[in-house]
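Numbering-wise, the UniProt record's numbering puts 112 at position 112 of the sequence shown, and it's gapless, one number per residue.
Idealized CB from N, CA, C, for every residue including glycine.
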Amino acid sequence: MNASEVPQRTVVRLFPDYGDTVLWLDVPIEYSLTGLTEGLVHELRDWEQFYYDSLARDFTWTSEGRAAKYTAEGLRLAQRVADELGDGYEVEFKPYGDNVQARRFHGTKAPNAIAVAAFDALAAAAHAEKERISRALAAHPPGEGTGWFATAPRSGSVFRPTRAEEE
Numbered sequence: 001m002n003a004s005e006v007p008q009r010t011v012v013r014l015f016p017d018y019g020d021t022v023l024w025l026d027v028p029i030e031y032s033l034t035g036l037t038e039g040l041v042h043e044l045r046d047w048e049q050f051y052y053d054s055l056a057r058d059f060t061w062t063s064e065g066r067a068a069k070y071t072a073e074g075l076r077l078a079q080r081v082a083d084e085l086g087d088g089y090e091v092e093f094k095p096y097g098d099n100v101q102a103r104r105f106h107g108t109k110a111p112n113a114i115a116v117a118a119f120d121a122l123a124a125a126a127h128a129e130k131e132r133i134s135r136a137l138a139a140h141p142p143g144e145g146t147g148w149f150a151t152a153p154r155s156g157s158v159f160r161p162t163r164a165e166e167e
């Protein structure tokens, strides 16, 4: 099998961002849809709350110790999620710090079959949505696909500003 035949792993990103979850595909993933074990979901929620509690009003860390704890716990949790998702997934987490590269984690234990099935369905739905939007945008003649527009996720309708609104 050459490099082009190696199956691509789906990347799950792990980060807090006011989405009521720290798990992201292209969009935030609700914990109730993940199939992850209850204990892991509880730890993810606690880590997210620790993050918010560790930020000052100007979104800086209240202490370097809290920033270090956030990173250490994020690394640990990224591996835990990867272990539950198995070989078909990579979990990406970017540790806190300047010029720090994101790290990707792969499962090292027997996966949680319920979580794998749930994420397979979520990844398939996200891929189908990307394809649907691509087809909707490709259906417009050249020149109409540029500029400001919005796409309604459920209907696929594309909304463009009128000339008066653009100026």
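Could you name the residues that DSSP lists as bridge partners for residue i?
i	result
residue 91	12, 105
residue 222	In the structure displayed, the chain extends from 1 to 167; residue 222 sits before or after that span and is not available.
residue 150	159
Roughly how many angstroms lie between the CA atoms of residue i and residue j, to the nearest whole one?
i	j	result
residue 114	residue 34	8 angstroms
residue 48	residue 135	36 angstroms
residue 91	residue 52	21 angstroms
residue 131	residue 29	19 angstroms
residue 100	residue 162	43 angstroms
residue 59	residue 98	15 angstroms
residue 38	residue 104	23 angstroms
residue 64	residue 102	19 angstroms
residue 155	residue 126	15 angstroms
residue 71	residue 139	44 angstroms
residue 14	residue 68	16 angstroms
residue 129	residue 153	8 angstroms
residue 148	residue 18	26 angstroms
I'd like the span of the alpha helix (DSSP H) that includes residue i, first residue to last.
i	result
residue 157	Looking at the DSSP string, residue 157 is not in any alpha helix (DSSP H), and its letter there is neither H nor E.
residue 22	Per DSSP, residue 22 belongs to no alpha helix (DSSP H) and is neither H nor E.
residue 114	113-138
Between residue i and the rest of its own chain, which residues show a CB-CB distance below 7 angstroms, the 5 nearest in sequence each way excluded?
i	result
residue 123	10, 25
residue 150	159
Beta-carbon within less than 8 angstroms of residue i's beta-carbon, same chain only, minus the 5 sequence neighbours each way: which residues are those?
i	result
residue 16	22, 47, 48, 51, 52
residue 107	82, 83, 84, 85, 86, 87, 89
Whose C-beta lies closer than 6 angstroms to the C-beta of residue i among residues of the same chain, with five residues either side of it excluded?
i	result
residue 66	54
residue 73	47
Open item on the list: I'd like to know if the region 75-88 and the region 35-51 are in contact, where contact means that at least 3 CB-CB pairs between them fall below 8 angstroms.
Closed with: Taking one beta carbon from each stretch, the region 75-88 and the region 35-51 have 3 or more pairs nearer than 8 angstroms; the two touch.
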